[in-house]
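Visitor: Input: one structure, supplied below.
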Amino acid sequence: MMLAGYLTLTNNGDVVAELASVDSDAFGSVELHRTEIIDGVSRMRAVPSLRIAPGESVRLEPGGMHLMLMQPAPELGERVPIAFIWRDGSKLTVAFPLQHDAPGE
């Protein structure tokens, strides 16, 4: 089973922020993906890194870039912790609410 994660990442700093990886103890694997239409077929492609300019935001949303949350733990609580690991070595862990419907559905 796979789940998807949607959120907005904002760089409030003065230098480019580069997301190196995403991790969570609640999932066997977490990857950043982008939905692309190729020959009329929707496909998901892994995004190896994400650069966010100072003052800019990137939306992870249905039909675009999103988190693929694979191999969920047998019991997920109401909130799931997801760690964002940045190229500069910093780490930000956020506990996101678990929802059953994608935004806008």
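So in our numbering, spot 4 of the sequence shown is number 340, and the numbers just go up one at a time. Every residue gets a Cβ at the ideal spot worked out from N, C-alpha and C, and that includes glycine.
For ALA356, which residues of its own chain have a beta-carbon under 8 Å away from its beta-carbon, when the five flanking residues on both sides are left out?
Guide: SER385, ILE421, TRP422, ARG423
Visitor: Excluding the five sequence neighbours on either side, which residues of its own chain have a C-beta within less than 8 Å of the C-beta of ARG379, listed in chain order?
Guide: THR371, GLU372, ILE373
Visitor: So if DSSP puts GLY349 in a beta bridge, which residue, or which two residues, is it bridged to?
Guide: Note: GLY349 sits in no beta bridge, so no partner.
Visitor: Starting from the Cα of ARG387, find the closest Cα among VAL352, LEU434, ASP359, GLY341 and give me that residue.
Guide: VAL352
Visitor: Contact check, LEU396 vs VAL366 under 8 Å by CB: the rounded distance?
Guide: With 8 Å as the limit, LEU396 and VAL366 do not qualify as a contact, their Cβ atoms being about 12 Å apart.
Visitor: Which word fits LEU412, buried or exposed, when buried means at least 16 other C-beta atoms lie within 10 angstroms of its C-beta?
Guide: exposed
Visitor: Can you give me the C-alpha to C-alpha distance between LEU345 and VAL394, rounded to a whole angstrom?
Guide: Spanning the two alpha carbons is a distance of roughly 5 Å.
Visitor: Going by the CB atoms, is the gap between MET338 and SER434 shorter than 8 Å?
Guide: Here the sequence assigns Leu to residue 434, which means Ser is not the residue at that position. No, the pair does not count as a contact, with Cβ atoms beyond the cut-off.
Visitor: State the start and end residues of the unbroken beta strand (DSSP E) segment that holds ALA340.
Guide: 338 to 341 is the span of the beta strand (DSSP E), which, as asked, contains ALA340.
Visitor: Which residue's Cα is closest to the Cα of PHE363: LEU428, ARG415, GLY425?
Guide: ARG415
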